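As they're listed, the protein sequences go chains X and E.
Per our numbering, the first sequence runs over residues 1 to 335.
Per our numbering, the second sequence runs over residues 1001 to 1113.
Cβ atoms here follow ideal geometry from the backbone N, Cα and C, with glycine treated the same way.
Remember, predicted model here, so these are calculated numbers, not experimental data.
Structure, as structure tokens:
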Amino acid sequence: MGKDFAWGATSIALTILLSLTKNVIKATIPVLPVQNLTKGDAETKIELPYLVDFCLIGMTPGGIYMNLAASYITPIIQALQHVENFRLTLDGVCIYDLASSQLPRLSCLTVENFTQDLIPGVFFGRILRDFPRLTELIIEQDFQCYGGSTGKIPPSFLAPLLEPVACQLERLQLGGKTRWITAEKWEVEGGIRTTCRLPALKELCIDVSLCGNLRIANSLTRLIENCPALQVLELREIDDEISEEAIAYFSRRALAWKFPSLSELRLSTMMKRSYLRRLNRICEPYSSALSSANIRLVLRLSLFAVRYPKKSKIDFNKPVWDRFLGSVRLPVPLG
Amino acid sequence: MPLTGLPVELLVQILEDVFDEGYGRPSLANAGKTCRVLHEIAQPILYRELEVPPLPLSLREPSFLPGLNIVHLIATFDANPYLASLVRAVEVHNEYRVEVPQHPVDPGDPRFA
């Protein structure tokens, strides 16, 4: 049996499955390398009136099949057009399908496997303009699939991307360690407008690698200071010496009342003994000062590695928490 | 008192616990086969969240039939639409990887203009 036929059959099967399960609230399906679906298949009618959470996970990082997925996704996207305030998770390869999707009710968009090679910020911003109800934007990348140095995203990417939704965005999450801006790029493109005002933003979640260089941190802070309603600042992927600088930097800024409405500084890391020890050391000088400034310092521990696609199996019958938390003294309240 | 003599709310809770507390889908399915009452309670729990098993690990496999499990599921739903109406969450796994070319996008692509 030919591979193309097999993948084509699978895509049709997935489409039919969704058309049969009309009451579905949450759906997660993979992107398939389907090239030659017939017109009839692409026009399969699907009605999903209760769907609020739709995740299209990618198997094709790097956009190999970006021209191939359209016919397969089209009927599903069409089915989402009348759904109220739903969340959509897309692989970067599907962004072009989104461009003509007409999803006026989309409230949360997650784009995974993101790379500047594939999606320029200006183009992406143009797409976002079509989502008047979008309040949450999450941009993630797949570390395992990429690595290396291709596809770094320069600062000039961010401002045009955010500009169309700047007034409505309430939550912004930027992921992708090592693959965002570099100091060199920053200097080269210094003349380009790199910040925009986000008046409605309440929660900003960033990888600490973005703050590793103080020049970058300064620019990022400019972005944050343009968010007068910011309540929660989350620093993710705290696992190396960069984290130390980032936490110290943002703690000092928070204490200096640079973020007037900030009520929570959240630190996210994997539950690993060495990380927790480091956190304990970094946070100690700031925890009491932040507390007296009415800024909660919250630690969020993930039980599996964000960086790796497969979840680690943790046996809760074993005294995992005792083993990790018993060995370190945490100055922060667990959130 | 027989188990089925309990109020339906309690039976629902018991079967939910059977499903959640590590006994899983097979045990719940077995419980559902014991009598009509438990069958009617177990079915909505069984079909509420569907996890379709992973698609093949490698595209290099010479012979594979992805979607076989989905086809079986569709046949079941086609024969019994009531079961399809019970589904609230569908998750189709995806555990395969393909190699990524270094420069996947043509810079001359008009969509980047």
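- Counting C-beta atoms within 10 angstroms of its own C-beta, Glu284 of chain X has fewer than 16 neighbours from the protein chains shown and is therefore classed as exposed.
- Counting along the chain, Val1018 of chain E sits inside the alpha helix (DSSP H) bounded by residues Val1008 to Asp1020.
- With respect to the C-alpha of Asp130 of chain X, the residue from X:Cys108, X:Glu140, X:Glu112 and X:Ile139 having the closest C-alpha is X:Cys108.
- Per DSSP, Val24 of chain X lies in no beta strand (DSSP E) segment and is marked neither H nor E.
- Under DSSP, Val232 of chain X forms a beta bridge with X:Glu203 and X:Glu264.
- Around the CB of Ala1031 of chain E, 16 or more other CB atoms lie within 10 Å, so the residue is classed as buried.
- Close partners of Ala248 of chain X in chain E (Cβ separation under 9 Å) are lacking, with about 36 Å as the shortest Cβ gap.
- Phe124 of chain X and Ala293 of chain X have their alpha carbons spaced roughly 38 Å apart.
- Rounded to whole angstroms, the separation of the alpha carbons of Leu18 of chain X and Leu204 of chain X is 34 Å.
- By the neighbour-count definition (other C-beta atoms within 10 Å, threshold 16), Cys1035 of chain E is an exposed residue.
- The beta carbon of Pro164 of chain X does not come within 9 Å of any beta carbon belonging to chain E, so the residue lies off that interface.
- Per DSSP, the beta bridge partners of Asp53 of chain X are X:Lys26 and X:Arg87.
- Interface criterion met: the Cβ of Ile25 of chain X is under 9 Å from a Cβ in chain E.
- Per the coordinates, the alpha-carbon of Leu88 of chain X lies some 42 Å from the alpha-carbon of Thr1004 of chain E.
- Ser1085 of chain E and Arg1025 of chain E have their alpha carbons spaced roughly 19 Å apart.
- Taking C-beta atoms as the reference points, Phe259 of chain X and Arg253 of chain X count as a pair closer than 9 Å.
- Checking the DSSP bridge columns, you'll see Leu137 of chain X partnered with X:Leu109 and X:Leu172.
- Residues of chain X whose Cβ lies closer than 8 Å to the Cβ of Phe1077 of chain E are, in chain order, Leu17, Leu20 and Thr21.
- Using beta-carbon distances, Arg1025 of chain E does not count as an interface residue toward chain X, since no partner is under 9 Å.
- For the pair Asn23 of chain X and Leu14 of chain X, the Cα-to-Cα distance works out to about 15 Å.
- Per DSSP, the beta bridge partners of Ala1089 of chain E are X:Lys26 and E:Glu1049.
- Leu1073 of chain E reaches chain X at Leu17, counting residues in chain order whose Cβ is nearer than 7 Å.
- Shortest Cα-Cα distance from Leu174 of chain X to any of X:Glu47, X:Pro164 and X:Glu136 involves X:Glu136.
- Closest in C-alpha terms to Arg236 of chain X, from the list X:Ser291, X:Leu201 and X:Leu299, comes X:Leu299.
- The three-state secondary structure of Thr1004 of chain E, taken from DSSP, is helix.
- Interface residue (Cβ-Cβ distance to chain E less than 9 Å): Pro30 of chain X is classified as such.
- The three-state reading of DSSP puts Arg296 of chain X in strand, counting E and B together.
- At a cut-off of 9 Å between C-beta atoms, Pro1044 of chain E does not count as an interface residue with respect to chain X.
- A straight-line Cα-Cα distance of about 7 Å links Val1018 of chain E and Ser1027 of chain E.
- With a threshold of 16 other beta carbon atoms within 10 Å, Val111 of chain X meets it and is buried.
- In this structure, DSSP gives Thr1034 of chain E a state outside helix and strand, which the three-state scheme calls coil.
- Contact annotation: Ile295 of chain X and Leu267 of chain X have beta-carbon atoms that are not nearer than 9 Å.
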